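To start, the structure itself, in structure tokens.
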Amino acid sequence: MSDKKLAANEYLKINSNYLRGTLEESVANQVTGAVADDDTQLTKFHGFYMQDDRDIRNERKQQKLEPKHTFMLRARIPGGVIDMPQWLQIDQIAEELTDYNSIRLTTRQTFQYHGILKRNLKPLIKGLYQVKLDSIAACGDVNRNVMATTNPIQTQLQKEVHEWSVKISEHLLPKTRAYFELWLDEEKLETPADVEQEPVYGKTYLPRKFKIAVAVPPYNDVDISANDLSFIAIEDGKGGLAGFNVCAGGGLGSTHGDVNTYPQLTRVLGFCKLEDTLDFAQAVMMTQRDNGNRYDRKRARTKYTVDDMGVDAFREATEKHAGKKFEAARDYEFTSQGDRFGWVEDMNGNWHLTLFLEAGRIVDDERRTIKTGLREIAKVHKGEYRMTANQNIMIANVAAADKAQIEEMCKEYGLLGTEHSPIMLNSIACVALPTCALAMAESERYLPRLIEKFDVLAQKHGVGDQEIVTRMTGCPNGCGRPFLAEVAFVGKGPGKYNMYLGADGKGTRLNQMYRENIGEEEILAEMDTILARYSKEREQYERFGDYVVRIGLVKPVYDGREFHATN
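Heads up, the sequence shown is in the working numbering, so the first residue is 2 and it goes up one at a time.
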């Protein structure tokens with residue numbers, strides 16, 4: 002047992018009475034729009050964060066008013082599948098119980114609301130639960146929303162993979178009844194204090210957030226290396242699922258200027274049969290529970306645990322928890338990390354339409370009526386919506402007879418009909434300003450406008466048809482998965498970004514910093530120069546990320562411990 006002092010969050014969890022804290026009193030206190038400081042950490046386990054509108058923060062301060070506190074709530078939806086009654090409820094809640102009347106699809110393959118007043122938290126959570134949706138463990142030091150490849154072509158395989166994402170999510174949920182007591186009015190059980198409420202997590206839960214994804218090669222649309230634990234589906238040769246390669250230790254968050262923090266690629270531990278999947282999922286989580294850093298939260302993610310222990314030791318500890326051994330990993334290959342847009346027919350004759358959503362924002366504005374369109378389609382569609390891990394949405398399981406009607410409605414409401422460039426279609430932006438407290442620079446409100454300028458340069462140099470994975474975040478915490486992008490911009494300050502180049506467009510190589518702390522003029526000048534060279538010097542079918550590595554603009558990074566190495 003180390004004699005180092007635990008991080009403050011560890012004591013907070015221990016003393017929280019299994020995530021209850023003083024949340025009931027904090028939410029009942031209507032004198033302030035905020036909750037108590039300690040409770041702001043506990044709300045994350047219930048799926049929501051306290052935020053404020055930073056655009057008006059100074060104005061309110063001058064008026065001697067507290068910040069306009071609101072909350073962001075993220076739902077737990079394994080695999081991102083939503084039926085139409087659920088979507089209609091999601092839409093109505095956004096209109097009635099949020100300030101922004103919008104829905105935002107996230108890179109965790111779910112949706113979140115922004116601008117929830119404190120008094121509306123409980124009605125909102127109850128409203129979601131009416132259609133069997135919740136926000137349990139969507140945030141916090143627990144396993145979060147489990148992602149799964151959106152793959153309508155291999156119908157049986159996709160169906161099985163989605164089912165496993167649900168099973169894994171349910172298996173690893175916290176057992177405390179705090180969520181149900183606080184938000185759904187479940188009767189409080191009078192149990193002795195020494196009764197163990199968390200047989201797996203314990204009173205301290207995990208050292209940090211824990212993310213899981215399930216991928217179906219050759220599509221890496223869930224970016225497995227952004228996850229603490231990943232399952233790579235291995236086909237049985239008959240279109241079904243044989244089992245999974247199990248991977249651990251991926252993750253992207255880092256801290257500017259701290260070389261002890263870095264993004265990292267996942268490492269394969271071995272193959273597991275289907276019947277062993279839940280045992281190994283729990284075992285990897287328990288290995289992180291027991292060995293993760295509880296003293297320095299910046300070094301508390303599973304990627305550092307794997308690096309510090311070594312892959313072999315981490316595998317052995319996992320096998321000990323599981324009570325069984327991994328088999329040798331099976332062969333697989335990833336070829337892409339983006340979504341496939343437009344109509345796709347599956348093996349059963351059903352159709353699936355993937356739509357691009359700029360930064361995942363579902364809202365009506367002067368350009369198009371996305372929110373209204375998805376609501377009206379939900380009233381007639383007989384299938385479901387599938388949210389993707391790249392902030393887009395699929396209208397899934399459309400019968401051939403209904404295809405023309407769905408397409409016409411999409412055009413009517415502006416969901417189809419606008420041409421987007423390959424760069425725009427392969428972009429991701431985090432929320433950043435004005436609501437995220439960690440953002441150092443713009444992202445969602447800025448990246449689309451910047452990409453429009455990239456498109457001009459790409460057309461100028463004759464490479465406008467090239468897919469270039471481009472991502473932006475307002476800070477280095479990695480919510481928009483920037484360090485797996487061929488081109489990435491990470492906020493450093495107002496209007497300033499670190500520019501990263503060199504990932505491979507498949508999610509299997511990290512990028513590296515190319516320029517530090519630059520603004521738009523410098524960004525465009527750099528892109529103009531590099532795209533001009535790319536158009537003349539690229540090899541046949543060579544991706545942009547592979548090109549910049551080949552000519553030495555950045556080094557290839559396959560181990561995050563080399564991420565900060567100088568060129």
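Each residue gets a CB set at the ideal place from its N, CA and C atoms; glycine is no exception.
In this text, all values refer to a predicted model and were calculated from it rather than measured experimentally.
For residue i, the three-state DSSP class (helix, strand or coil)
i	result
Ser-170	helix
Thr-370	strand
Thr-71	strand
Gln-113	strand
Val-549	helix
Met-286	helix
Asp-195	With a pLDDT of only 49 at Asp-195, under the threshold of 50, the placement of this residue in the model should not be trusted; the figure read from the coordinates follows. Coil, per DSSP.
Arg-77	strand
Val-82	strand
Gly-128	helix
Met-528	helix
Ser-536	helix
Ala-149	strand
Gln-541	coil
Leu-185	helix
Leu-13	helix
Thr-303	helix
Thr-99	coil
His-421	coil
Pairwise C-alpha distance: residue j and residue i
i	j	result
Lys-1	Gln-198	Because the chain here runs from 2 to 568, residue 1 falls outside it and cannot be looked at.
Val-215	Gly-81	12 Å
Glu-187	Val-549	57 Å
Thr-303	Arg-341	31 Å
Arg-290	Lys-383	43 Å
Gly-374	His-353	17 Å
Leu-434	Glu-443	5 Å
Asp-38	Lys-497	31 Å
Leu-98	Gly-252	33 Å
Met-410	Gly-503	40 Å
Arg-539	Ile-235	34 Å
Leu-451	Gly-22	44 Å
Phe-564	Asp-309	16 Å
Asn-102	Asp-40	26 Å
Lys-556	Gly-48	38 Å
Gly-619	Val-201	A question about residue 619 goes unanswered here, because the residues of the chain that appear run from 2 up to 568.
Gly-128	Leu-458	47 Å
Arg-120	Val-28	7 Å
Gly-244	Val-217	11 Å
Ser-231	Leu-266	11 Å
Gly-203	Thr-177	10 Å
His-322	Ile-154	36 Å
Met-287	Asn-349	40 Å
Beta bridge counterpart(s) of residue i as assigned by DSSP
i	result
Gly-343	Thr-355
Tyr-501	Ala-489, Met-514
Leu-472	For clarity, residue 472 is Arg in the given sequence; the question names Leu instead. According to DSSP, Arg-472 bridges with Ile-429, Ala-489.
Arg-61	Paired residues: none, contrary to the question.
Val-558	Leu-511
Ala-330	For Ala-330, which the question treats as bridged, DSSP gives no partner whatsoever.
Arg-105	Gln-113, Arg-362
Asp-135	Arg-77
Met-310	For Met-310, which the question treats as bridged, DSSP gives no partner whatsoever.
Ile-519	Tyr-498
Asn-144	Phe-211
Ser-337	Tyr-220
6 Å CB neighbourhood of residue i in its chain, flanking five on each side removed
i	result
Arg-562	none
Asp-195	For Asp-195, the pLDDT reaches just 49, beneath the cut-off of 50, and the residue's location in the model is therefore unreliable, although a value from the coordinates is still provided. There are no such residues.
Arg-109	Asn-146
Thr-389	Thr-151, Asp-340
Lys-372	Ile-363, Val-364, Asp-365
CB contact check: residue i to chain B, cutoff 8 Å
i	result
Lys-62	Among the chains of the structure shown, chain B does not appear; only one protein chain is present.
Sequence-distant residues of the same chain with beta carbon closer than 8 Å to residue i, five excluded per side
i	result
Pro-423	Gly-465, Asp-466, Gln-467, Glu-468, Ile-469
Gly-494	Met-441, Ala-442, Asn-518
Spatial neighbours of residue i in its chain, beta-carbon cut-off 7 Å, leaving aside the 5 residues before and after
i	result
Asn-427	Gly-339, Glu-468, Ile-469, Val-470, Thr-471
Glu-346	Trp-352
Thr-33	Glu-67
Tyr-305	Asn-294
Gln-157	Gly-240, Gly-241
Gln-42	Asn-10, Leu-13
Tyr-515	Met-500, Tyr-501, Leu-502, Leu-554, Val-555
Identify every run of the alpha helix (DSSP H) within the stretch 20-54, keeping only runs that are complete inside it and at least 4 residues long; order them along the chain. 24-29, 38-43
For a minimum of 4 consecutive residues, which ranges assigned as the alpha helix (DSSP H) are wholly contained in the stretch 212-280? Uninterrupted alpha helix (DSSP H) stretches at least 4 residues long and entirely within the stretch 212-280 do not occur.
What are the start and end residues of each continuous beta strand (DSSP E) run of 3 or more residues lying completely inside the stretch 361-409, in chain order? 385-388, 394-399
Enumerated in chain order, which unbroken segments of the alpha helix (DSSP H) with a length of 4 residues or greater are wholly contained in the stretch 436-472? 448-461
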